[in-house]
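Asker: So that we are looking at the same thing, I have put the structure below in C-alpha cells.
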Amino acid sequence: MGVLIELRQASKSITVSDSVQLDIIKSCSLSVSSGESVAIVGPSGSGKTTLLNLMAGFDQPTSGEVNLFGQPMSQMNELEKIQLRGSRLSFVFQDFHLLPALTALENITYLLTMHHKDHIHETAHYWLEQVGLSKRSGHLPSQLSGGECQRVAIARAFALGAELILADEPTGNLDKSTKDKVVDLFFECQSKRSTAVIIVTHDLSLADRCGRQLTL
Ligand SMILES: Nc1ncnc2c1ncn2[C@@H]1O[C@H](COP(=O)(O)OP(=O)(O)OP(=O)(O)O)[C@@H](O)[C@H]1O
Ligand SMILES: [Mg+2]
Numbered sequence: 000m001g002v003l004i005e006l007r008q009a010s011k012s013i014t015v016s017d018s019v020q021l022d023i024i025k026s027c028s029l030s031v032s033s034g035e036s037v038a039i040v041g042p043s044g045s046g047k048t049t050l051l052n053l054m055a056g057f058d059q060p061t062s063g064e065v066n067l068f069g070q071p072m073s074q075m076n077e078l079e080k081i082q083l084r085g086s087r088l089s090f091v092f093q094d095f096h097l098l099p100a101l102t103a104l105e106n107i108t109y110l111l112t113m114h115h116k117d118h119i120h121e122t123a124h125y126w127l128e129q130v131g132l133s134k135r136s137g138h139l140p141s142q143l144s145g146g147e148c149q150r151v152a153i154a155r156a157f158a159l160g161a162e163l164i165l166a167d168e169p170t171g172n173l174d175k176s177t178k179d180k181v182v183d184l185f186f187e188c189q190s191k192r193s194t195a196v197i198i199v200t201h202d203l204s205l206a207d208r209c210g211r212q213l214t215l
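With the first letter of the sequence shown counted as 1, position 152 gets the number 151 in numbering that gives the first Met the number 0; the numbers rise by one all the way through.
Below, the structure written as C-alpha cells:
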C-alpha cells in the first residue's frame, strides 16, 4: 500500500500578539496509505481543521514536514502545490466552499472540467443522485439548506475520483438517516476504490467505523 500522506512532527503555532503564542498542533506524526480510513476527533477549537489544512497544503507547519504523495510540501510554491493536489486529493470543507453563482450540478461539473475528466455530466448526476439531490441539481447554493449544500460538497468530492479524500465534519448538518447514507458512501469509496479517507468528526459512531482514530 502506497503512503499518500505523511506528517513528521508537524507543529502549528500562531502569534496572536507580542506576548501570546497559540500552539494549535503540537508535533503531530501520522502516515496514511491507500485504502485506509482515519478519524480525527477532538473538541471544538482543538485544531482539527488546522490539521486538515496542513495535510492539504492550504497552510504550512511552523515546524516539521508534510509529505503529500511522497513529496515535501515545504519546498513547493503555491502553483506546484495545486498541481501536486491535482485530481488526486479531494477536500470537503467545513463551510462547503460552493461557488454561489453556480447550481449544484454546475459546482460539480466545473471542478471536473477543471481537471479534464471524462463523462462529466453523467458523473455529476450520478453523485448528486447518490446523495439524494437529483431534484435539486438546478438550484443555487442560496436556494439550498445547509445540509443540502453539505451534500453537494460531498458529491463534488466523490465525483473527482480522488485517491485521498479529506473531509471536515462532513455530516455535521445532516439528519440521522441522510447521515447514514452519506457515511456509507465514504466507506464504499474506501473499500471499492481503495480511496484513503481522513474524516474530522464529532460523531463517535462514524469515528468507530474508521480503521484508526487520532484524538486532538
Ligand atoms: N489564523 C488564526 N489566528 C488565530 N487563531 C487561529 C487561527 N486559526 C486557528 N486558530 C485557533 O486555533 C484553534 C484551532 O482551530 P481549528 O479551526 O483548527 O479548530 P477545530 O478543532 O477545527 O474546531 P471546530 O470543531 O470548532 O471546527 C482555535 O482556538 C482557533 O481560534
Ligand atoms: Mg473545524
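C-beta: ideal position from N, C-alpha, C; glycine also.
Starting from the Cα of SER73, find the closest Cα among PHE90, LEU53, SER89 and give me that residue.
Answerer: It is LEU53.
Asker: State the beta-bridge partners of LEU165 as determined by DSSP.
Answerer: PHE90, ILE197, per the DSSP bridge assignment.
Asker: Expressed to the nearest angstrom, what Euclidean distance is found between the alpha-carbon atoms of LEU165 and LYS11?
Answerer: Looking at the two C-alpha atoms, the distance is approximately 19 Å.
Asker: Can you give the Cα-Cα distance for SER89 and THR194, rounded to whole angstroms?
Answerer: Taking the straight line joining both Cα atoms gives about 10 Å.
Asker: GLN212 to VAL65, Cα distance in whole Å?
Answerer: Cα-Cα distance, rounded: 19 Å.
Asker: Compute the distance between the beta-carbons of GLY210 and ASN172, then report whether it is under 8 Å.
Answerer: Going by C-beta atoms, GLY210 is not nearer than 8 Å to ASN172.
Asker: What does a CB cutoff of less than 7 Å around PRO60 pick up in its chain, not counting 5 residues either side in sequence?
Answerer: Contacts found: ALA9, SER10, LYS11, LEU53.
Asker: I'd like the span of the beta strand (DSSP E) that includes SER45, first residue to last.
Answerer: Where SER45 is concerned, there is no enclosing beta strand (DSSP E), given that its DSSP letter is neither H nor E.
Asker: Can you find the residues in the same chain that come closer than 7 Å, C-beta to C-beta, to THR49, ignoring five residues on each side of it along the sequence?
Answerer: Here the set comprises LYS11, ILE23, ILE24, ASP58.
Asker: Is GLN149 near ligand 2, going by C-beta to nearest heavy atom under 7 Å?
Answerer: It does not: the Cβ of GLN149 is nowhere closer than 7 Å to a heavy atom of ligand 2.
Asker: Beta carbon of LEU51, beta carbon of GLN70: below 8 Å?
Answerer: No.
Asker: How about ALA161 and SER86: do their beta carbons lie closer than 8 Å?
Answerer: Going by C-beta atoms, ALA161 is nearer than 8 Å to SER86.
Asker: To the nearest angstrom, how far is the alpha carbon of SER204 from that of GLU187?
Answerer: The alpha-carbon atoms of SER204 and GLU187 are separated by roughly 16 Å.
Asker: Given this structure, state the Cα-to-Cα distance separating TYR109 from HIS138, to the nearest angstrom.
Answerer: Approximately 15 Å between the Cα atoms of the pair.
Asker: Sorted by chain position, which residues of the same chain lie with C-beta nearer than 8 Å to ARG150's C-beta, five sequence neighbours on each side aside?
Answerer: Excluding sequence neighbours, ARG150 sits near VAL130, GLY131, LEU132, LEU173, THR177, VAL181.
Asker: Within the continuous beta strand (DSSP E) that includes THR227, where are the two ends?
Answerer: The structure shown does not extend to residue 227, since the chain is modelled only from 0 through 215, so no value can be given for it.
Asker: Quick one: residues with CB closer than 5 Å to any heavy atom of ligand 1, in chain order, please.
Answerer: Listed along the chain, these residues meet the criterion: ILE13, ILE23, SER43, GLY44, SER45, GLY46, LYS47, THR48, THR49.
Asker: Hey, how far is the Cα of VAL40 from the Cα of VAL196?
Answerer: In a straight line, the C-alpha of VAL40 is about 14 Å away from that of VAL196.
Asker: What first and last residue would you give for the alpha helix (DSSP H) that runs through LYS180?
Answerer: Note, LYS180: alpha helix (DSSP H), 175-192.
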